[in-house]
Amino acid sequence: MNNPNDDYTKDKIFSEMIARGEAIEELIEQNDQLSELLSSARDYINDASKKHVATTTSLKAENERALQARDAKHKKALAAQQEKHKNAIAKKDAVIAKLQTALKSLELTLASEPKDLATAPAKRKLDQAQEDELEEVEMCGKHRPHNHEFCPGRHEGETSIDVRVRLQGKTSGEAVASKCNSKK
C-alpha cells in the first residue's frame, strides 16, 4: 500500500530537483556569458597591449632619430666653428710672420746704415722743442671774472695740453688782452 505521505515527499523531492536543475542551467548560462565577456576583455587587453608596444617602439625610434639629427647638427656646427677659428689663427700667424720679417728687415737696415754724427745736433734741437711744448702751464690764479676762452693760464681741472688746445688758433694778442692781472 502506498502511503500518501510518501507521494507527497516524492513530489516535493522531485520538484526540488527540478528547481535545482533549472538553477544549475541558469548558472551554466551565466557562466557562458561571463566566459564570453572574459574572452572579449582578454582580446581587448591584448589589442591594447600590442598597440602600446607598437606606439612605444615608434616613439623610441623617432626620439632616437631626433637625437641623432641634433647630434649631427651640433657636430657640424662645432666643426664649422673650429674651422673658422683655425682659419683666423692661421691669418693672425701669417700677419705676425710678415711683421716679424719686416722687423728683421728694418733691424738689418738700421744696423747697416752708418751713424751720421751730423744729424745729432738737429735731433737734440727737436727733442728740446718737444720738451718746451710739454712745459707745465701756470695756473690762472684768482682773477676777477674774465673770458676763460682766451686766458693763457690753466684753470681748475685743465691740463697743459687742454690749455694749448683751447688757445690753438687764437692770436697771442687776444690771449693777453683777456688775461686779468688784478687779483681780488
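The UniProt record's numbering applies: residue 1 is where the sequence shown begins, and numbers increase by one.
Each residue gets a CB set at the ideal place from its N, CA and C atoms; glycine is no exception.
A quick note: this is a predicted structure, and the numbers were derived from the prediction, not measured.
- Item | Length of the line joining the Cα atoms of A97 and Q168 | Indexing the sequence shown from 1 puts residue 97 at position 97. Indexing the sequence shown from 1 puts residue 168 at position 168. Their Cα atoms are separated by approximately 43 Å.
- To the nearest angstrom, report how far apart A177 and D93 are at their CA atoms. Working through the sequence shown from its first residue, we reach residue 177 at position 177. Working through the sequence shown from its first residue, we reach residue 93 at position 93. Because the pLDDT of A177 is 47, which lies under 50, any placement of that residue in the model is unreliable, and the number read from its coordinates should be weighed accordingly. A177 and D93: Cα-Cα distance of roughly 59 Å.
- Give the secondary structure of E158 by DSSP, where H, G and I count as helix, E and B as strand, and everything else as coil. For the purposes of this step, residue 158 is taken as the residue at position 158 of the sequence shown. Coil at E158, not helix or strand.
- Message: Just verifying my parser: in three-state terms, what is the DSSP assignment at Q30?
- Response: Residue numbering aside, residue 30 sits at position 30 when the sequence shown is read from its first letter. Helix, per DSSP.
- Which residues in the same chain as G173 place their Cβ atom closer than 7 Å to its Cβ, once the five residues preceding and following it in sequence are excluded? As a first step, residue 173 must be located in the sequence shown, where it is residue number 173. In this prediction, G173 scores a pLDDT of 49, lower than 50, which makes its location untrustworthy; no coordinate-derived value is stated.
- Query: Helix, strand or coil for K183 per DSSP?
  - Reply: Translated into positions along the sequence shown, residue 183 becomes position 183. With a pLDDT of 39 at K183, under the threshold of 50, the predicted position of this residue should be treated as unreliable, though the coordinate-derived value follows. Reduced to three states, the DSSP call for K183 is strand.
- Give the straight-line distance between the Cα atoms of A23 and D7, rounded to the nearest whole angstrom. On the sequence shown, residue 23 is found 23 positions in, with the first residue counted as 1. On the sequence shown, residue 7 is found 7 positions in, with the first residue counted as 1. If I take the Cα positions, the gap works out to 24 Å.
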